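Numbering (the numbering used here), first residue to last: 4 to 391.
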Amino acid sequence: MHLDFLVCSACAREHEACAPQNVSPCCGKPLFAHYDLRAAGRTLTRDALAGRVKSMWRYREVMPPTSDGDIVTLGEGFTPLLPAPRLGARHGMGRLSIKDESLNPTHSFKARGMSAAVSMARQFGLKKLAAPSAGNAAGALAAYAARAGMEAHLFMPRDTPRANVIECEQMGAHVTLIDGLITDCAGEVSRRKAAEGWFDVSTLREPYRVEGKKTLGYELAEQLGWTLPDAVIYPTGGGTGLVGMWKAFDEMEQLGWLGRKRPRMFSVQASGCQPIVRAFDEGRKFADEHRGAHTLASGLRVPKAFGDFIILEILRKSGGGAVAATDGEMLAATREIGAAEGIFPCPEGAACYVALKQLLAARRIRPDESVVLFNTGAGVKYLECFES
Ligand SMILES: Cc1ncc(COP(=O)(O)O)c(C=O)c1O
Ligand SMILES: [Zn+2]
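Structure, rendered in structure tokens:
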């Protein structure tokens, strides 16, 4: 409604938002949506939210579609922020919470991004969408494309969890399994998209998935009574959620809803694929590709993130950091979270608890602080990881 233009993340040049766009024409980097927040703030007030739809579309004024008729929704977002008292008590923490994204359509936070991206695809009259995916993004795109009557062309590594492949097939998507990593899948989409007439909705190579993900940040603030936690731990692959939340914090400050304080943002990655952790530790602006990436946390098997420089800047600016978890630690943490709190997290979500323990031990998080862990998806989509 109040989308003004797109901004290049590298040089801040403005680009029109009235046609389909991928990366910025100036620098080939991610584009971000810019809103007229003064106009948005006339109707989007904290009080007005009380009676609104219980999905991410409650923040309608700062969402990209021009017309409500283009919104493609399955009820995504507004997931619970659950206190984790038993888990917290083990560490002397009184303010530990888990944002449970497994309750989204297709059981992961990827629903948010795809709802926004497919809505904009509908606005632009696009009919064929394509994406490389570690699994959950593919499931979400399959669902929203089906909902919108579009084709979804999905490329996943052959070792993607079965549930992801099956859900895509059952929702009528065109699925190709590749012997390789998500980067190889992305290569396949780029090579074929022009000839096939596909619009590429890869992470951060399309400006609107991040707009869906940013609603995580709005919800966090709303659910915490218009405050932000001291620290956020987020399982980072391509980084869209982290980048989106940071954008939401800035927008809310401009709306006059929050002050300048930000949470310390921590990325957790898998020991077998930790490009951001390495780059952070080495003080680099960009991350090198992680060679020979392997982890059962398929969402974290991203050897090179297109938005690496944006992720790294946020981690540094916020005073946060990046840590790694082994597959064994993630599996053990899954059981701990499950038995203590009644949440069966995905391995990526469980990694946040591994990270929390490390950060408490290193005194980078204090037990008296308020901390939010992100369970980005459902453990039931990863059954093969739990079968010995
Ligand atoms: C369950 C889960 N958690 C985390 C991630 C990483 O998300 P992002 O690309 O936003 O860093 C993914 C990506 O596939 C995922 O499926
Ligand atoms: Zn530029």
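Beta carbons: idealized from backbone N, C-alpha and C, even for Gly. Just so you know, these numbers come straight off a predicted model, no measurement behind them.
- By the beta-carbon neighbour count (other beta carbons within 10 angstroms, threshold 16), Ala149 is buried.
- Cβ-Cβ separation between Ala151 and Val75: approximately 5 Å, consistent with a contact (criterion under 8 Å).
- Separation of the CB atoms of Gly380 and Asn139 is rounded to 5 Å, and the pair is thereby assigned contact status at 8 Å.
- An exposed status is given to Trp229, since fewer than 16 other beta-carbon atoms sit within 10 Å of its beta-carbon.
- Secondary structure note for Ser270: its beta strand (DSSP E) is the uninterrupted segment 267 to 273.
- Taking the C-beta atoms as reference points, Ile368 is found no nearer than 8 Å to Ala325.
- Within the same chain, Leu6, Ala36, Met123, Tyr211, Glu214 come within 6 Å of Pro67 by CB-CB distance, once the 5 residues on both sides are set aside.
- In the DSSP annotation of this structure, Phe112 is not part of any alpha helix (DSSP H), being labelled neither H nor E.
- Counting along the chain, Ala145 sits inside the alpha helix (DSSP H) bounded by residues 139 to 151.
- In terms of Cβ geometry, Pro135 and Ala198 do not form a close pair [threshold 8 Å].
- In this chain, the beta strand (DSSP E) harbouring Lys102 covers 99 to 103.
- By the criterion of at least three beta-carbon pairs nearer than 8 Å, the stretch 363 to 378 is in contact with the stretch 225 to 242.
- Residue environment: Gly241 is assigned as buried (16 or more neighbouring CB atoms within 10 Å of its CB, all protein chains considered).
- Taking the CA atoms as reference points, Glu344 sits about 9 Å from Leu85.
- In the structure shown, Lys131 falls within a strand segment according to DSSP collapsed to helix, strand and coil.
- Every alpha helix (DSSP H) stretch that sits fully inside the stretch 11 to 90 and reaches 4 residues is listed by chain position as 40 to 46.
- When C-alpha distances from Trp249 are compared across Leu9, Arg165, Leu219, the shortest belongs to Leu219.
- In the DSSP assignment, Tyr356 falls within the alpha helix (DSSP H) that extends over 350 to 364.
- For Arg208, the CB stays at least 7 Å from every heavy atom of ligand 2.
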